[in-house]
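*Asks:*
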Amino acid sequence: MQIKEISLKELKPQDFINGQAKEISAQVGEGLAINALSGGVDSSAVTMLGHKALGSRLKTYFINNGLMRKDEPQKIVSLFKDLGVTVEVIEAQEEFFRALKGITDPEEKREAITQTFYKDVFGRLVKKSKAKHLLQGTILTDVDETVAGIKRQHNVFAQLGIDPQEAFGYNIIEPLVQLRKDGVRRVAEALGLPKSVYQRMPFPGPALSARVIGEATPEKINLVRLATVITEEELASTGAFQYMAILHQDRVTGIRNGKRDFGLQIEIRCWDSIDARAARPTRLPYETLDKLANRIVTQVPGVVSVTYNIAAKPPSTMEAV
Ligand code: XMP
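Quick note on this note's numbering: the sequence shown kicks off at 78 and runs consecutively.
1) So, are the CB atoms of Lys-258 and Ile-216 less than 9 Å apart?
2) What is the rounded straight-line gap between the Cα of Leu-211 and the Cα of Leu-361?
3) Using a Cβ-Cβ cut-off of 8 Å (strictly less than) and excluding sequence neighbours within five positions of Ala-110, which residues of its own chain qualify?
4) Quick one: any contact between the stretch 321-330 and the stretch 350-366, if contact means 3 or more CB pairs under 8 Å?
5) Would Leu-144 pass as a contact of Ile-298 if the rule is Cβ separation under 9 Å?
6) What residues are listed by DSSP as bridge partners for Asp-338?
7) Roughly how many whole angstroms lie between the Cα atoms of Tyr-320 and Ile-343?
8) Determine the extent of the alpha helix (DSSP H) in which Lys-136 is found, giving its start and end residues.
9) Let's test the definition: count the other Cβ atoms within 10 Å of the Cβ of Phe-339 and tell me whether it reaches 16, buried, or not, exposed.
10) Near Glu-296, which residues of its chain fall below 8 Å by C-beta distance, leaving aside the five closest residues on each side in sequence?
11) Return the residue from the list Arg-346, Val-264, Pro-283, Ser-382 that minimises the CA-CA distance to Gly-96.
12) Are the CB atoms of Glu-171 and Val-198 within a distance shorter than 9 Å?
13) Just grab the DSSP bridge partners of Asn-248 for me.
14) Just list the residues that DSSP pairs Asp-349 with in beta bridges.
15) According to DSSP, is Lys-390 part of a helix, a strand, or is it coil?
16) Let me confirm a value: Gly-117 is counted as buried when at least 16 other C-beta atoms fall within 10 Å, else exposed. Which label applies?
17) Rounded to the nearest angstrom, how far is the Cβ of Thr-218 from that of Val-233, given a contact under 8 Å?
18) Grab the span of the beta strand (DSSP E) containing Tyr-385 for me, first residue to last.
19) Does the Cβ of Pro-281 lie closer than 8 Å to at least one heavy atom of the ligand XMP?
20) With distances taken Cα to Cα, identify the nearest neighbour of Pro-392 among Glu-364, Arg-357, Val-301.
21) Does the ligand XMP have a heavy atom nearer than 8 Å to the CB of Lys-228?
22) Shorter than 8 Å, the distance from the beta carbon of Gly-117 to the closest heavy atom of the ligand XMP, or not?
23) How many angstroms separate the CA atom of Leu-341 from the CA atom of Val-289?
24) Taking 9 Å as the cut-off, decide whether the C-beta atoms of Glu-309 and Arg-146 are in contact.
25) Here's the rule I'm using: 16 or more other beta-carbon atoms within 10 Å means buried, otherwise exposed. How should Lys-89 be labelled?
26) Return helix, strand or coil for Leu-300, following the three-state DSSP convention.
27) Whose C-beta lies closer than 6 Å to the C-beta of Phe-194 among residues of the same chain, with five residues either side of it excluded?
28) Taking the alpha-carbon positions, what's the Ile-387 to Leu-177 distance?
29) In the structure shown, what three-state DSSP assignment does Asn-112 receive?
30) Residues in the same chain with beta-carbon distance under 8 Å from Ser-120, minus the five sequence neighbours each way, listed in chain order, please.
31) Are Gly-260 and Ile-83 close, meaning C-beta to C-beta below 9 Å?
32) CB of His-210 to nearest heavy atom of the ligand XMP: below 8 Å?
33) In the DSSP assignment, find the unbroken beta strand (DSSP E) run with Leu-324 in it and report its ends.
34) Would you tell me roughly how many angstroms separate the C-alpha atoms of Pro-150 and Thr-124, rounded to the nearest one?
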């Protein structure tokens, strides 16, 4: 099935919102729907759109998979409370780490997260809530890369020939699937979301597990979480499309307090991009890189090497996994 793209130029945000709200109401009928909010611009836009269409017949969950950035669950719940939307947090950390145990291959990691999320956690929530529909914020770029076999984005099914009804026992509604990131931002703004949300930097569905090369253990996730706080603080003023810290699997010889330290490596990536299809590394001032490296080697335990990626997408991709 070919999806018809709505470009930023063609997009009329209010018409789009009204049209999609009608479509959601028609599909859900008198029934119930659920959705997962991660706090990113896509799932935030879907949450507002869904509540506009369904009111209290949409139940919104934040799935705490243990792979999110620091303090994320509390921040998102409180932000949406201010917008009048109740969000229930589902604690599923142990379940996700169990599913990720021993897995090093990037696509297998993505698949483990997809199955845990859609089959296990959502399967249970659908049964508990008696909802028949899941609303989610898949966008066209997710579909393109998955269908092209580049990366199995965690939220793409129909376009891979997977029937969610058969695989997971519920119907999936994707109101944003004709848009790219720039269009979603415009719609999110028109839905009344604050600038901190509609201009929020993208963050991948597999969360910090996409930023650990090799097995994503709780310890490694914790290290990359610390490096992420520092990276996001230091690069916030760059205005770049997306920036991230990646924890490598290989160790390298370092020296600390005059002793050999066979330590960890963090790679920094910072991207200029319009819609994530192509991207170039931001030309960061050396002083910025210097400060970033200094903070990471002193504040993230065990790190002795910090590198900056200078290759463009393609052939790189934005996330390392
Ligand atoms: P890549 O790494 O494919 O990333 O160049 C392009 C954009 O997509 C984000 N990304 C994802 N988003 N689910 C998502 O919702 C995913 O599985 C996923 N993988 C990557 C990435 O952060 C970047 O903005």
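Glycine included, C-beta positions come from ideal geometry on N, C-alpha and C.
*Replies:* According to the structure data:
1) yes
2) 41 Å
3) Ile-101, Gly-127, Leu-131, Arg-134, Leu-135, Lys-136, Ala-208, Lys-209, His-210, Leu-211, Leu-212, Ile-250
4) no
5) yes
6) Gly-331
7) 13 Å
8) Careful: Lys-136 lies outside any alpha helix (DSSP H), inside the beta strand (DSSP E) at 135-141.
9) exposed
10) none
11) Val-264
12) no
13) His-210
14) Arg-357
15) strand
16) buried
17) In fact, because the Cβ distance is near 10 Å, the residues do not count as touching under 8 Å.
18) 380-385
19) yes
20) Arg-357
21) yes
22) yes
23) 12 Å
24) yes
25) exposed
26) helix
27) none
28) 30 Å
29) strand
30) Asn-112, Ala-113, Leu-114, Gln-213, Gly-214
31) yes
32) no
33) 319-324
34) 15 Å
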